[in-house]
Structures are given as structure tokens and as C-alpha cells.
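Going by the numbering used here, the sequence shown opens with residue 1086, and the numbers climb by one from there.
All C-beta atoms, glycine included, are put in the ideal place defined by N, C-alpha and C.
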Amino acid sequence: MKLEKALFTAALVLAPVAALGQTLPPNNPNSTTFTFPLTVSPGAASCLPNAKGVVIDHTFGNVENLQVIVSGLPPNTDFVLFVIQVPNSPFGLAWYNGDILTDDTGTGVINVVGRFNIGTFIVSLGAVPSRDVFPAPPAVLANSKTGAVTNGPVQIYHLGIWFNTPEDAVKAGCPATATTFTSNHDAGIQVLNTATFPDNEGPLFHVP
């Protein structure tokens, strides 16, 4: 399936959301759509040269539907979507949003409902203990027990997509570098991001 066909499929998926928009109360008049690209990450450029994506961010005024469509990725593989502070390393603060499973052609689609606009932020006003659920890799454990302090809200306007496991990255001919960007904190490298936008003005900044 080409990306163009994926966009057509995405339009069908988005149709119920558009219908939902018609039922929202009149105090949500600012229904708009902002579409932007995903570009291959520097660490994946040599092993995934055809990777690309498009994001359709539709706001209904009080909530957004974020639709992410990717292609040119390894088939039947799990990838992980995050909202992040800056597109490339060290990424800054991050928010896990879901998994994208590619089909036989390396195309995948995910829809996420939440706040994906100029107001999207993350905050930690005090370091508190975290539940010890996923102790590996060990470097994550100490941080998860103490948390972090942001000393106020931090806006997060970029997107990034990672291999769910280092093993999947190796199968695709990519580096085996382990990262923490998945639910059990044992992900592979980043494959796509929104680096076509400035670090301090990611695409979500442009959604009112």
C-alpha cells in the first residue's frame, strides 16, 4: 500500500470523527485541521531511507484527534509514538501515546484522542516515588524511583516514533542501540520525527 492509499484509508477512518464534530456544542467553533510531515530520523536514514509519514491533527476546540500515518517501514513491526520536547536527542520531556503496527507493506495508522495543540504540556512540581514495575534496563530504575522536577509547565510540541524493540531494529538492518521509549523501557532507535520544524516550535504549536 502506497502512502497515498494510506491517506485514503485514513480519510475513511476519520469520517466518524468528522461526524462527531457535527454533534459538538456551538461553543467549540474553532474546528480546524493541521497536516504536517514526519521525516526519517538521522539514526535511521541509512537503514530506512524510504521511511516517511504524515500527521493529521484535527481540533474540535476542546479535544484533538491525532492521526498518524507511516509508510516505508519494516512490515508487521511494532513502533511506538511519543510526544516529545525536541525532535532529536536528547528529546527532552516525553509522553507515551501508543503503538503503531505496520501491515505487510510497512504501512501503519494510529488515531489518538487527547490534547495535541499549542496548550500541550507536561509538568512535575515535585519528585515523588514511582511504582517499580519495569526494572530493566537498570539505568531507568533509579530515575523512576525519584521522578523529576520541571519547576513549572514545559510545552511539548514535537512527535517521535521508535522501534518497539532493539531486535526489530536489527532485523531491519538498523543499529541495535537500546532506548527507553516503550512501555517496558527497552525500545530501539527513533525512526521518524518532526525535525522539519524548529526545536522550540514543533508542529503542535501551530494548532490553536
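Pair within 8 angstroms by beta-carbon distance, residue i and residue j
i, j, result
"I1195", "L1158", "no"
"T1267", "I1241", "no"
"V1244", "I1185", "In the sequence under discussion, the amino acid at residue 1244 is Leu, which differs from the Val named in the question. Cβ atoms of L1244 and I1185: not closer than 8 angstroms."
"Q1213", "G1232", "With the sequence shown as reference, residue 1213 is identified as Val, and Gln is not the correct amino acid for it. Contact: yes."
"W1180", "I1207", "yes"
"I1274", "P1283", "no"
"P1160", "T1190", "yes"
"N1249", "D1163", "yes"
Through-space distance from residue j to residue i, alpha-carbon basis
i, j, result
"S1156", "H1143", "21 angstroms"
"T1235", "V1218", "23 angstroms"
"Q1152", "V1239", "23 angstroms"
"A1280", "C1132", "18 angstroms"
"L1277", "N1150", "20 angstroms"
"H1291", "N1147", "16 angstroms"
"T1192", "S1209", "36 angstroms"
"D1253", "F1119", "31 angstroms"
"P1111", "G1287", "Note on P1111: pLDDT 42, under 50, position unreliable in the model; the coordinate value appears next. Taking the straight line joining both Cα atoms gives about 29 angstroms."
"N1285", "R1216", "32 angstroms"
"L1178", "G1237", "13 angstroms"
"P1293", "V1140", "16 angstroms"
Per DSSP, the bridge partner or partners of residue i
i, result
"A1233", "Partner(s): none; A1233 has no beta bridge."
"Y1181", "F1167"
"L1244", "V1168"
"T1187", "In DSSP, T1187 forms no bridge with anything."
"F1119", "D1142"
Contact belief for residue i with residue j at Cβ below 8 angstroms, rounded distance in angstroms
i, j, result
"A1272", "W1247", "5 angstroms"
"V1197", "N1173", "Not quite, the Cβ-Cβ distance comes to about 22 angstroms (not below 8 angstroms), so this is no contact."
"G1138", "P1127", "Their Cβ separation, rounded to whole angstroms, is 16 angstroms, which puts G1138 and P1127 out of contact at 8 angstroms."
"F1176", "L1289", "Going by Cβ atoms, the distance from F1176 to L1289 rounds to 15 angstroms, so no, they are not a contact pair."
Segments of 3+ residues assigned as beta strand (DSSP E) that fall wholly inside the segment 1121-1165: 1137-1144 and 1149-1156
(message) Please give me, in chain order, every unbroken run of the alpha helix (DSSP H) with length at least 4 that falls completely inside the segment 1240-1288.
(response) 1251-1256
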